[in-house]
Each structure stands twice: as structure tokens, then as C-alpha cells.
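There are 2 protein chains.
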Amino acid sequence: VIYNTVAIVGVGLIGGSVGLALRKRRLAKKIIGIGRTSETLAKAKSLKCVTDITTDLAEGVKSADLIILCTPVELIVDQVCEIAKHCPAHAIITDCGSTKNAIVTALSKSLLPTLKNNVQFVGGHPLAGSEKTGPEHARADLFEGRIVVVTPSKSQTIANDDKNSQEVIESVRDVAEFWSSLGASVVMMSPAEHDAALASTSHLPHIVASALARATDKSNLLLTAGGWRDSTRIAAGDSQLWTQIALSNQKNLLKALAGYESSLKKFIAALKKGDPKQLSQLFAEAKEIRDAVGS
Amino acid sequence: VIYNTVAIVGVGLIGGSVGLALRKRRLAKKIIGIGRTSETLAKAKSLKCVTDITTDLAEGVKSADLIILCTPVELIVDQVCEIAKHCPAHAIITDCGSTKNAIVTALSKSLLPTLKNNVQFVGGHPLAGSEKTGPEHARADLFEGRIVVVTPSKSQTIANDDKNSQEVIESVRDVAEFWSSLGASVVMMSPAEHDAALASTSHLPHIVASALARATDKSNLLLTAGGWRDSTRIAAGDSQLWTQIALSNQKNLLKALAGYESSLKKFIAALKKGDPKQLSQLFAEAKEIRDAVGS
Numbered sequence: 511v512i513y514n515t516v517a518i519v520g521v522g523l524i525g526g527s528v529g530l531a532l533r534k535r536r537l538a539k540k541i542i543g544i545g546r547t548s549e550t551l552a553k554a555k556s557l558k559c560v561t562d563i564t565t566d567l568a569e570g571v572k573s574a575d576l577i578i579l580c581t582p583v584e585l586i587v588d589q590v591c592e593i594a595k596h597c598p599a600h601a602i603i604t605d606c607g608s609t610k611n612a613i614v615t616a617l618s619k620s621l622l623p624t625l626k627n628n629v630q631f632v633g634g635h636p637l638a639g640s641e642k643t644g645p646e647h648a649r650a651d652l653f654e655g656r657i658v659v660v661t662p663s664k665s666q667t668i669a670n671d672d673k674n675s676q677e678v679i680e681s682v683r684d685v686a687e688f689w690s691s692l693g694a695s696v697v698m699m700s701p702a703e704h705d706a707a708l709a710s711t712s713h714l715p716h717i718v719a720s721a722l723a724r725a726t727d728k729s730n731l732l733l734t735a736g737g738w739r740d741s742t743r744i745a746a747g748d749s750q751l752w753t754q755i756a757l758s759n760q761k762n763l764l765k766a767l768a769g770y771e772s773s774l775k776k777f778i779a780a781l782k783k784g785d786p787k788q789l790s791q792l793f794a795e796a797k798e799i800r801d802a803v804g805s
Numbered sequence: 511v512i513y514n515t516v517a518i519v520g521v522g523l524i525g526g527s528v529g530l531a532l533r534k535r536r537l538a539k540k541i542i543g544i545g546r547t548s549e550t551l552a553k554a555k556s557l558k559c560v561t562d563i564t565t566d567l568a569e570g571v572k573s574a575d576l577i578i579l580c581t582p583v584e585l586i587v588d589q590v591c592e593i594a595k596h597c598p599a600h601a602i603i604t605d606c607g608s609t610k611n612a613i614v615t616a617l618s619k620s621l622l623p624t625l626k627n628n629v630q631f632v633g634g635h636p637l638a639g640s641e642k643t644g645p646e647h648a649r650a651d652l653f654e655g656r657i658v659v660v661t662p663s664k665s666q667t668i669a670n671d672d673k674n675s676q677e678v679i680e681s682v683r684d685v686a687e688f689w690s691s692l693g694a695s696v697v698m699m700s701p702a703e704h705d706a707a708l709a710s711t712s713h714l715p716h717i718v719a720s721a722l723a724r725a726t727d728k729s730n731l732l733l734t735a736g737g738w739r740d741s742t743r744i745a746a747g748d749s750q751l752w753t754q755i756a757l758s759n760q761k762n763l764l765k766a767l768a769g770y771e772s773s774l775k776k777f778i779a780a781l782k783k784g785d786p787k788q789l790s791q792l793f794a795e796a797k798e799i800r801d802a803v804g805s
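Shown next as C-alpha cells:
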């Protein structure tokens, strides 16, 4: 599929990379970058992330076939509702928010009934974030070989004889194909499943890394090496964004933290006992899981 | 200084890299790799980490001017005592063990009085380890721009009129110069200070990363991305080696773990309260410390 017009709302690391990937692969004739600050938009345009820019959301989406929100999770629901008022009837809206249940639930409750037309929102989450932010870190290959989770709502997964329902299911397929066309592997799961899994694989590591960085005495920073640097790298992420993400997945994250604390306590107990067999068993269990993933 | 003969005991990632760096910089005429298994030694030689190899420790050190132990912490004290019996009177012995207090204390008590000659042991620790092991991962530039901690014993830092004492202090300077000549920045501190600092900057991260990897359900591994990978990377390290390291720094590590747990509990409390101000403050404190170090 080659799109006539794709609109990207929020042209930072993710949004900028979507634009670069679309251009490199010639998948869109026009790519409109939409944002709040002219400066970032101008930078994104000069970096060739987008072909056009505007700070006016209504104006930016009015002829878009596909609209991708790459904005903080807190803003997404309101922005989708606003976009739906102004975009073409056939447009598909998707997002890149790190948590999905609150967004998809809110939009299937509050958006769908108010929609004047066939506009569809399908939740998504490319697992391609980084502690780096801004279009200057965008890369055309950011999504190649990465996982993108697409999280249809319940009504988007059940086909019936209704014509609308067919369109809904096609919109899910379209969003999946969009990410595949940028080189990603798409995994479909429910928003609730996504949030439970990502609590463990993304949001928990962020708290663990941040708690570790925060526990390091500044006087010892000279003596940090690769191990500390790797294991705390994500703590350099934007603190406001991560606060939103953590709070939007509070329940799952607290559960993941409880599991982590219990794992940590096993190491502490073995160390207190000075038990080499028990301690090496724990390290070996961790290594087995880590080795299963690769570098 | 160009050495006639350097002996490297244990030719893995660190030992192999010492050899490659010495060869690249033409700092030694002969580099003898000493190890337990002929296979690893042959690999190290074919990779040009060393010029000669032997499985016989006594034979390998008998004409060495500088002997560097790159073996697991548990073996170092016994090996140094054995080496001291066979090496030349002017030889300097140093090591790369990740903990220093137990080794330096044991050797200043048990080794020095039994030494037949002027052989000196000076403790050291290049902060250049990795989850990777074996000479196949060795790199000639591994120590460039890295920190190496040199940890003289108390008697090695106090000069007096005694001729022996001057030699002792010169041996510390020689070990520092050796690492500088490989491109590293040398930091001097007492073994106790080293172990307290490294508990926080190296051994704690290893437990934190291992507890995190171990707490991850295997069914979720497909949904891990850069954050999880970075923050658990060191958990792929050798479990036996890390058991030895952790137990040899038990007291400092338990203290560092207590500090970490208290940092973690602050995040959990803020998340439970759902307090965005408190949570973003904690993330910001972590980010400030992480940003001070760089990538």
C-alpha cells in the first residue's frame, strides 16, 4: 500500500523515524508532521523526517489517510477524539503509546459512539523506544526487525455480518500491514495482555534501572563501567513521560514489582547465608533467561 | 618501559586483551600465556594474544619480569603464593580480581613473610569486564580510556628509610605505569575503599540485573526490547565467577543492596499512592545521576 497522505502527530524519536522509514521505502506521497513547537517541526523537516509541517492539528489531518500519534500517553485519547472530528471519513488512526488498555478502553467507549463517520482507531506500540528523544535521533531503520504490538479492542476482533464490522477488522489489518511495511514484526494481543506483559518487560526495567542509578553515590560515579552503564541506561529517559507510563499501568506494574522484589530477596538471602550453591543457582537461572534473548 | 617477558595467567577476555594490547603497543618482547587447558591457550596463541603458551605455572613465570593474574578471584591468593616461589627476584606480580580486600590482606599477611626475595604483589582491577568471556572476545583497545584501580596495601603506601620499602613503592608505581601504557586511567585507592565503591557500581548492578532477568516470565521474552536487554545484559555473565565475586564482597554488597532496596521502595510507594509529582521527582533524580555518566 502506498499512502497519499500520512500525518504524524509528535515528530520525536518515534514519529521522526516513522517519517524517515516511509520516505526511504517510498510508502507515502506526503508526510505531514504535526506538533506544538515550530522549532522541533522545522528540525524534523530539515532532517527529512516529513515533507510538510503544521502546528494546527485540524489542518494537518484533514486530508490524511493514515494518522499516527507519537505523543505522550496522557495526550493520546483527547488528541484522537479531536482528530476524528477533522480527518477524512476513511482515515485510520493509530498510536504508539507505551500502555494500551486505558487508551483503547477510553476510545472504544467515548470515541466510537461520537464518530461522525467510519474513522477507526487501532492501538499500537512499536517496541523501539530509547532513552534518546527528539527527531535528531530518528532513524529510517528503527523498526526493522523490531516487534510492534497491535492491540485491537474486543469489538475490533469479532467479525459479524455488519458491514461496519468488516471495516473495523480491515482497519486492524491495515495497521498491522503498515508496521510490517516498515520492516517490523507484528504481534497482535489484547490491550490488557499487552499492558501485563509490558509491565514486566519494559516498565519494570525502567523502575529497576532508575532505583539503581538513584542509589549510586555520586562520589562513586568515576568507578562505574560497562555493567553499571548498561543496567542504568534507560534511567536517562524523560522523567515526565515515564511517570505517565508508570501511572497508566499502575496495577500491572505493582504486580511486576512484587515479583521482582521476591526475586531480589532470594539473592539477598543467599548472599546473607554465604551459600555459594544457592547463589550460583540463582545467577544461573538469570543467565539462562538472559541468554535466551541475545544481545 | 619495554618488558622482556610478561606472563599472563588466565588468557580469557581480560588476559587475552592485555596480551593483544602489549603486542599492538610493542611493550613486551615475549608474552607467555599460562592456563589450565591447552585448547584455550592454543586459541589465545592463534589469535596472537600471546607469543608462547604453557600449562605449567612454575615454568611459565620463571623468567617473567611482570606477571598478571587474570583468573577467578578464588584462585588468586594461592596462585600468587605459588608464583612467588618460582619467578625471578625482581618480578612484579599483579592481578585483575574484581574484589581486592580479601586478596591484598591475605597476601600481605601470608605471602610477604614467606617471600624468598623481593617479589612484589600489587593488587589491581581494570574496570573493563563484560558478560563475554574467552580470548575470542579479547580486544587490543579494551583498556583505552578505561579506569584501572590499583590498590596498594598499607605497607605499600608508606615510605621509610628502608631500602625494601622504596622497592615496594616503586612496584606500585610500576603497576600503575603498566596500565597507563595500555591506555587506561589509573586510580589509586585502598583495597577496602575499592571494595566498598565497587559493591555499589559493579556487584550491586549484577544482582539487580540478575534478579530482573530471573523475574521475567519466559512467555514474555518476545516482548522485550532495548530497555530490558540493556538492563539485564550483565546477567549473562558467568554464574560461578559472579558467585565468587559476590561472596568475596559480602558485607559491602549487602550494604549496597540495602541502599538499593530503600531506593526501590520509594518508587513503589510513589506508584502505590499514584503520586505523579513524587514519582517524577524520583525519576528525575535517577536521570540526573545517569546523565552525569554518559553513554
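Protein chains in written order, with the working numbering: chain A, 511 to 805; chain B, 511 to 805. In this text, a Cβ means the ideal position worked out from N, Cα and C, and glycines have one as well.
Test: residue 546 of chain B CB closer than 8 Å to a CB of chain A: no
Where residue 512 of chain A falls: helix, strand or coil (DSSP): coil
Residue 684 of chain A - DSSP class collapsed to helix/strand/coil: In the structure shown, residue 684 of chain A adopts helical secondary structure according to DSSP, grouped into three states.
Where residue 604 of chain A sits in the DSSP three-state scheme: strand
Neighbour flag for residue 697 of chain B against chain C, beta carbons, 8 Å: No chain C appears in this structure, whose protein chains are A and B.
Helix, strand or coil at residue 582 of chain B [DSSP, three-state]: Looking at residue 582 of chain B - three-state DSSP - the assignment turns out to be coil, as it is neither helix nor strand.
Among A:534, A:553 and A:517, nearest to residue 540 of chain A - alpha-carbon criterion: A:517
Span separating the alpha-carbon of residue 607 of chain B from that of residue 580 of chain B: 7 Å
Collapsed DSSP secondary structure at residue 690 of chain B in the structure displayed: helix
Contact list for the segment 728-744 of chain B against chain A, Cβ threshold 7 Å: 728, 730, 731, 732, 733, 734, 735, 736, 737, 738, 739, 740, 741, 742, 743 and 744
Cβ-based contacts, 8 Å cut-off: residues of the segment 763-777 of chain B near chain A: 763, 764, 766, 767, 769, 770, 771, 772, 773, 774, 776 and 777
8 Å Cβ cutoff, residue 795 of chain A in contact with chain B: Residue 795 of chain A counts as touching chain B.
Beta strand (DSSP E) segment containing residue 635 of chain A, residue limits: 630-636
CA-to-CA distance, residue 703 of chain B to residue 706 of chain A, given in whole angstroms: 42 Å
Contact check, residue 531 of chain A vs residue 722 of chain A, beta carbons under 8 Å: Cβ distance not < 8 Å, so residue 531 of chain A and residue 722 of chain A don't count as in contact.
DSSP-derived helix/strand/coil call for residue 562 of chain A: strand
Below-8 Å beta-carbon distance, residue 689 of chain A vs any chain B residue: no
Coarse secondary structure for residue 733 of chain A, derived from DSSP in three states: helix
C-alpha distance - residue 538 of chain B paired with residue 515 of chain B, whole-angstrom precision: 6 Å
Nearest candidate by alpha-carbon position, reference residue 659 of chain A, set A:758, A:610 and A:556: Measuring C-alpha to C-alpha distances from residue 659 of chain A to each of A:758, A:610 and A:556 identifies A:610 as the nearest.
Coil, strand or helix - residue 661 of chain B by DSSP: strand
Contact with chain A by residue 610 of chain B, beta-carbon distance below 8 Å: no
Bridge-paired residues (DSSP) for residue 695 of chain B: The beta-bridge partner set that DSSP reports for residue 695 of chain B consists of B:657.
At least 3 beta-carbon pairs within less than 8 Å: the segment 759-772 of chain A vs the segment 742-756 of chain B: no
Distance between residue 591 of chain B and residue 699 of chain B (C-alpha atoms, nearest Å): 23 Å
Chain A contact for residue 800 of chain B (CB, 8 Å cutoff): yes
Where residue 726 of chain A meets chain B, residues with beta-carbon distance less than 8 Å: 710, 711 and 799
Run of the alpha helix (DSSP H) containing residue 529 of chain A, from where it starts to where it stops: 523-534
Close Cβ partners of residue 755 of chain B (< 7 Å) along its chain, the five nearest in sequence each way excluded: Leaving aside the five residues that flank residue 755 of chain B on each side, the residues in its chain whose CB is nearer than 7 Å to its CB run, in chain order, 583, 608, 609 and 713.
Burial state of residue 560 of chain A, where buried means 16 or more other Cβ atoms lie within 10 Å: buried
Best match in A:805, A:558, A:709 and A:793 for proximity to residue 767 of chain A [C-alpha to C-alpha]: Distance from the Cα of residue 767 of chain A is smallest, within the candidate group A:805, A:558, A:709 and A:793, for A:709.
Proximal chain A residues relative to residue 806 of chain B, where beta-carbon distance stays under 9 Å: Given a span of 511 to 805 for chain B in the structure shown, any question on residue 806 of chain B remains unanswerable.
Residue ranges of each alpha helix (DSSP H) within the segment 699-773 of chain B, 4 or longer: Those alpha helix (DSSP H) runs which fall completely within the segment 699-773 of chain B and span 4+ residues are 701-708, 714-724, 736-742 and 749-757.
Residue 831 of chain B in three-state terms, based on DSSP: Outside the modelled stretch of chain B, which goes from 511 to 805, sits residue 831 of chain B, for which no answer is possible.
Amino acids of chain A, ordered along the chain, whose beta-carbon sits closer than 9 Å to that of residue 758 of chain B: Below the 9 Å Cβ cutoff, chain A contributes no neighbours of residue 758 of chain B, its closest Cβ being approximately 10 Å away.
Terminal residues of the alpha helix (DSSP H) in which residue 554 of chain B lies: 548-556
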